[in-house]
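To start, the structure under review is shown below, and the notes come after it.
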Amino acid sequence: MLFDKKGNNPALAVSYLFKGLKLLTSPQLRTFILIPVLINIVLYSVALTLGYYYIADLINQFIPGWLQWLSWFLWPLFFISFFIAGFFTFTVLANLLAAPFYGKLSAKTLALITGQAIVIDEQPLIKVILAEVKRAGYLLSRALPLVIVSFIPGLNVIAPFLWVLFGAWGMALEYLAYPLENAGVLFSDQKQLVKSIRLGALSFGGIAAMGLTIPVLNIIVAPAAVIGATIYFNEIKKQG
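Numbers 216 to 455, taken from the working numbering, label the letters of the sequence shown in order.
Structural data, given as structure tokens:
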């Protein structure tokens with residue numbers, strides 16, 4: 216399987232997330248959206264509560280004394296870093312719990328937009344969970360260097376920008392995984408396919424990540440991103 220080059224178009228890629236949002240109200244998809252939304256409500260409520268009580272103290276500890284005179288500039292940067300890192304962590308956890316439902320949501324979406332009965336070689340639940348854990352492990356191994364950079368005085372000024380890029384890439388891999396897995400594409404091949412449309416994928420993942428940081432909206436962004444990624448996949452896939 217290959218992806219068409221049009222998938223690298225940022226504007227086109229972003230449009231698929233909005234198409235996903237529009238399809239959230241579809242009666243055919245409602246059954247597969249309800250439980251992930253409930254999972255998101257619980258986890259993001261916990262994230263917001265922890266952030267409200269602890270993020271200010273944490274940021275103040277990260278600004279060294281000799282840079283206190285720049286706190287007006289550094290505080291917002293560190294806030295962005297911790298905000299993205301925190302919500303990215305809770306998003307990966309939410310997706311891990313909702314993975315079985317998202318796979319079915321993607322399959323049902325594909326059937327809906329193509330008007331055809333889609334036959335999916337449904338994977339055992341344990342295999343679905345293991346695939347999600349493997350993807351989470353890949354993302355964690357890339358996140359750890361960013362955490363280290365965030366701890367290094369002076370160098371941690373660039374951490375927010377790196378976290379933004381990482382969040383966009385991680386969300387692209389996360390949501391495109393569902394239609395790709397339903398098509399029988401394993402994780403190692405998924406990475407190569409997504410890399411072939413890197414700019415478009417970063418744009419799609421970036422707008423999804425942005426939505427996930429907005430309270431209330433983040434409850435529905437994840438299922439919308441699964442739907443949008445499925446439409447994205449269907450529009451740009453080609454056999455080869």
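Where a beta carbon is used, it is the ideal one built from N, C-alpha and C, also for glycine.
Asked, Found
"Leu-217 - partner residues in DSSP beta bridges", "Lys-453"
"Cβ contact (3+ pairs, closer than 8 Å) linking the region 421-439 and the region 225-234", "yes"
"Beta carbon of Leu-311 nearer than 9 Å to that of Ile-248", "no"
"C-alpha distance - Asn-397 paired with Ala-387, whole-angstrom precision", "16 Å"
"Lys-453 beta carbon less than 9 Å from that of Leu-217", "yes"
"Leu-408, enclosing alpha helix (DSSP H) - first and last residue", "402-410"
"Cβ-based burial, Gly-399 [other Cβ within 10 Å; buried from 16]", "exposed"
"Best match in Ser-365, Tyr-393, Leu-359, Leu-327 for proximity to Ile-344 [C-alpha to C-alpha]", "Tyr-393"
"Beta-carbon proximity check, Ala-314 vs Glu-347, cutoff 9 Å", "yes"
"Buried or exposed (CB count within 10 angstroms, at least 16 for buried), Ala-444", "buried"
"Residue from Leu-395, Ile-442, Asn-433 whose Cα sits closest to the Cα of Ser-260", "Asn-433"
"Pair within 9 Å by beta-carbon distance, Gly-385 and Val-307", "yes"
"Coil, strand or helix - Gly-399 by DSSP", "coil"
"Supposed close pair Phe-381, Arg-413 - CB separation, criterion 8 Å", "About 13 Å separates the two Cβ atoms, so there is no contact after all."
"Start and end residues, alpha helix (DSSP H) containing Gly-235", "225-237"
"Enclosing alpha helix (DSSP H) for Ile-422 [first to last residue]", "413-427"
"Anticipated Cβ contact below 8 Å, Ile-250 with Phe-305, distance rounded", "Ile-250 to Phe-305, Cβ: 17 Å. No contact."
"DSSP three-state assignment for Pro-368, whether helix, strand or coil", "coil"
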